[in-house]
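Participant: Have a look at the structure that comes next, please.
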Amino acid sequence: MPDLDDLLDIRTRRPAAIAAAASARRKPASLFGPHGRLMIIAADHPARGALRAGDDPLAMANRVDLLRRIRTALARPGVNGVLGTPDILEDLLLLGALDDKVVIGSMNRGGLAGTAFEIDDRFTAYDAQSITTAGFEGGKMLLRIDPDDAGTVSTLEACGSAVSALAARRRMAMVEPFIAHRVDGRVRNELTAEAMMRAMAVAAGLGTTSAYTWLKVPVVHDMERVMAATTLPALILGGEGEAAYGEWRKALDLPTVQGLVIGRSLLYPAGGSVSDAVDRAVSLL
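Be aware that the sequence shown starts at 1, since it is given in the UniProt record's numbering, and climbs by one per residue.
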């Protein structure tokens, strides 16, 4: 198995090794881990220009360090998946870190953080065909709905098309919906129960079928009422600090919640090691 020092040589002189590694990857027998849930490490933030973790605005900018953290997380018992863009997933393929893991390709990263065009979230990474060709289990898309920004409608249309294309190939379509507003020049997600219920209702109706659609949602107030808004399977995202673990535990008790998709709070924990943070999250499942 190549190590980090070998990646540049492979990428420079043997780029076809990436497709070969994808073809050779051992596929997971099931979407679910030994705990009967999904435990996915999210690592698609950098491609949207979002490099902050905790108080460090450039924490995720060191790619070697990020890959080391992801590999540590993926090696922990109970972690059975990863979400990323092509650059990250291909590095992990070359490092042999994706065998038996559920792999979700991140699709729309064009709504760069802090830009004037953030809501017009173009599909700039994976599409349904490339996800299928790579043998991955699904694709993830971010859907921010800003009632005051006309760029929302193109994102809605693109997400609907992506849901249909993934479903036609029997691949999971993981949709992460928010109602969003621009405040002081920055896009802010509205994290109220009412906003999440509305966003989830829109996301669930995208595409020609919802048979392969999953929702990726944050913990907000009144989660029992929020999750009653859909019959689609859902995964809980994000959260920061000590309180996040309690929030995840409560959300996992709800019938539609099937696991966790956590990134920066586990890869860059405020205290302790990556292994400790990941093991604690797995213990909640």
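Glycine included, each C-beta is placed from N, C-alpha and C at the ideal position.
1) Would you mind giving the Cβ-Cβ distance between G135 and A22, rounded to the nearest angstrom? I have them listed as a contact below 8 Å.
2) To the nearest angstrom, how far is the alpha carbon of R186 from that of A29?
3) How many whole angstroms separate the CB atoms of G33 and G105, which I take to be in contact at a CB cut-off of 8 Å?
4) Which parts of the segment 156 to 230 are runs of the beta strand (DSSP E), unbroken and 3 residues or longer, counting only runs that do not cross its ends?
5) Since I believe M141 is in contact with N80 (beta carbons under 8 Å), could you give me their beta-carbon distance rounded to a whole number of angstroms?
6) By DSSP, does K140 sit in helix, in strand, or in coil?
7) Starting from the Cα of A128, find the closest Cα among L237, T155 and A173 and give me that residue.
8) If D149 sits next to R182, beta carbons under 8 Å apart, how far is it from one beta carbon to the other, in whole angstroms?
9) Across the segment 269 to 285 and the segment 239 to 246, are there enough close Cβ pairs to call them in contact, namely three or more that are closer than 8 Å?
10) Tell me the DSSP bridge mates of G39?
11) Please report the distance separating the alpha-carbon of R68 from that of P233.
12) Please work out which residues of its chain come closer than 6 Å, Cβ to Cβ, to T12, disregarding the five sequence neighbours upstream and downstream, and give them in chain order.
13) Taking V153 as the reference, give the member of R170, V202, G138 and T115 with the closest Cα.
14) At the level of alpha carbons, what is the spacing between M196 and A17?
15) Who are the near neighbours of H35 in its chain, counting only those whose CB is closer than 8 Å to its CB and skipping five residues on each side?
16) Using only CA atoms, which one of F178, D184 and M200 lies nearest to L191?
17) Excluding five sequence neighbours on each side, which residues of the same chain lie with their C-beta closer than 6 Å to the C-beta of K216?
18) By the 10 Å Cβ neighbour count, where 16 or more other Cβ atoms means buried, how is A116 classified, buried or exposed?
19) In chain order, what residues of the same chain lie with their CB nearer than 6 Å to the CB of E90, ignoring the 5 residues before and after it?
Facilitator: Per the coordinate set shown:
1) Taking the first residue of the sequence shown as position 1, residue 135 is located at position 135. Taking the first residue of the sequence shown as position 1, residue 22 is located at position 22. G135 to A22, Cβ: 6 Å. Contact.
2) The residue given as residue 186 occupies position 186 in the sequence shown. The residue given as residue 29 occupies position 29 in the sequence shown. If you take the alpha carbons of R186 and A29, they lie about 42 Å apart.
3) Along the sequence shown, read from residue 1 onward, the residue named residue 33 stands at position 33. Along the sequence shown, read from residue 1 onward, the residue named residue 105 stands at position 105. So it is not a contact: roughly 19 Å between Cβ atoms.
4) 172 to 183, 186 to 189 and 213 to 218
5) Reading the sequence shown from its first residue, position 80 is the one you call residue 80. Reading the sequence shown from its first residue, position 141 is the one you call residue 141. Contact flag wrong, Cβ pair sits at about 21 Å.
6) As a first step, residue 140 is located in the sequence shown; it is residue number 140 there, counting from the start. Reduced to three states, the DSSP call for K140 is strand.
7) Residue 128 sits at position 128 when you count from the first residue of the sequence shown. With distances taken between Cα atoms, A128 lies closest to A173.
8) Translated into positions along the sequence shown, residue 149 becomes position 149. Translated into positions along the sequence shown, residue 182 becomes position 182. Correct: roughly 7 Å between the Cβ atoms.
9) yes
10) In the sequence shown, counting from the first residue as 1, residue 39 sits at position 39. Checking the sequence shown, residue 39 turns out to be Met, not Gly. Partner(s): L260.
11) Reading the sequence shown from its first residue, position 68 is the one you call residue 68. Reading the sequence shown from its first residue, position 233 is the one you call residue 233. Each residue's alpha carbon lies about 31 Å from the other.
12) What you label residue 12 is simply residue 12 of the sequence shown in a count that begins at 1. Around T12: no qualifying Cβ.
13) Taking the sequence shown and counting its residues from 1, one reaches residue 153 at position 153. Minimum Cα distance to V153 is reached at V202.
14) Working through the sequence shown from its first residue, we reach residue 196 at position 196. Working through the sequence shown from its first residue, we reach residue 17 at position 17. So the alpha carbons of these two residues sit roughly 42 Å apart.
15) Position 35 of the sequence shown, counted from the first residue, corresponds to residue 35. Here the set comprises G78, V282 and L285.
16) To locate residue 191, count along the sequence shown from 1; it is residue 191. Out of F178, D184 and M200, F178 has the C-alpha closest to the C-alpha of L191.
17) The sequence position of residue 216 within the sequence shown is 216, counting from 1. Hits under 6 Å: M174, E176, L235, L237 and V261.
18) For the purposes of this step, residue 116 is taken as residue 116 along the sequence shown, with counting starting at 1. It is exposed - the Cβ of A116 has fewer than 16 other Cβ atoms within 10 Å.
19) Translated into the one-based positions of the sequence shown, residue 90 becomes position 90. Same-chain partners within the cutoff: I18.
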